[in-house]
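Here the structure comes first, spelled out in structure tokens, and everything after it is commentary.
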Amino acid sequence: MYISLVALNVTDTYQQHQAIWGLFPNTPERRRDHLFRVENQASNGKVSVLLQSSSQPTSHANAQVLQSKAFNPQLHAQDFYKFKLLAYPTKCLSQGKKVIEIKDENEQIAWLHRKLTGANITVTAMEPRMVKSKKSFNNRFVCFEGIMQIIDPEQIYQALVMGIGRQKHAGAGLLSLAKAG
Numbered sequence: 001m002y003i004s005l006v007a008l009n010v011t012d013t014y015q016q017h018q019a020i021w022g023l024f025p026n027t028p029e030r031r032r033d034h035l036f037r038v039e040n041q042a043s044n045g046k047v048s049v050l051l052q053s054s055s056q057p058t059s060h061a062n063a064q065v066l067q068s069k070a071f072n073p074q075l076h077a078q079d080f081y082k083f084k085l086l087a088y089p090t091k092c093l094s095q096g097k098k099v100i101e102i103k104d105e106n107e108q109i110a111w112l113h114r115k116l117t118g119a120n121i122t123v124t125a126m127e128p129r130m131v132k133s134k135k136s137f138n139n140r141f142v143c144f145e146g147i148m149q150i151i152d153p154e155q156i157y158q159a160l161v162m163g164i165g166r167q168k169h170a171g172a173g174l175l176s177l178a179k180a181g
């Protein structure tokens with residue numbers, strides 16, 4: 001895997017999605033093998049993105065790779081990690097046919113606990129973010145930050161690689177970990 005810092009020249013989530021895809025021109029069958037999170041948006045219209053991918057990205061007109069390095073996380077049971085996750089907490093109604101946003105903070109934390117059952121987590125900060133797109137509805141993402149103690153390294157590794165929740169194409173789902181202390 002690779003972890004990269006990328007500057008995008010587009011601000012709309014659909015255009016960001018397209019620009020990110022453009023970083024991987026030789027991806028077979030257009031299989032998504034990357035996750036990203038907008039880290040900040042500059043006043044000049046540039047967007048800074050953290051990108052995790054299985055192949056190394058290459059710059060193009062709307063996306064410049066600023067830094068990229070190989071990334072091979074080694075997770076160990078009982079170790080503590082700081083985490084950050086921009087997510088789109090949802091729940092299904094009527095046997096999975098209708099999906100709605102979870103707006104209540106306590107329900108959002110419960111959702112996160114269900115998604116990260118392989119770890120004991122403590123959420124230390126939550127920041128709601130409105131994400132706008134010309135192609136879809138506005139979504140209310142939540143940026144979770146906190147501390148986790150890993151119980152099942154394989155389960156957390158899968159969450160790290162596959163992402164968490166819906167709206168991955170719009171920049172949600174990337175779980176970042178850093179060894180605590």
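Residue numbers (UniProt numbering): 1 to 181. All C-beta atoms, glycine included, are put in the ideal place defined by N, C-alpha and C.
Taken in chain order, the complete alpha helix (DSSP H) segments of 4 or more residues contained in the region 104-171 are 105-115, 153-162. Annotation: the continuous alpha helix (DSSP H) that includes Y14 extends over 13-22. DSSP places Y88 in the coil class of the three-state scheme, outside both helix and strand.
For R166 and P73, the gap between their C-alpha atoms comes out near 23 Å.
By DSSP's assignment, K179 forms a beta bridge with Y81. In this structure, the CA atom of H34 is about 13 Å from the CA atom of Q158.
For Q67, the enclosing beta strand (DSSP E) begins and ends at 63-70.
Annotation for R37: L50, L86, G171, L174 place their beta carbon closer than 6 Å to its own, counting only its chain and skipping 5 residues before and after. Here the alpha carbon of V65 sits roughly 35 Å from the alpha carbon of V99.
E145 is a Cβ neighbour of A125, given a cutoff of 8 Å. Annotated as proximal: A180 and I147, with beta-carbon spacing under 8 Å. In the DSSP assignment, I100 falls within the beta strand (DSSP E) that extends over 98-101.
At the C-beta level, A119 and I150 come within 8 Å of one another.
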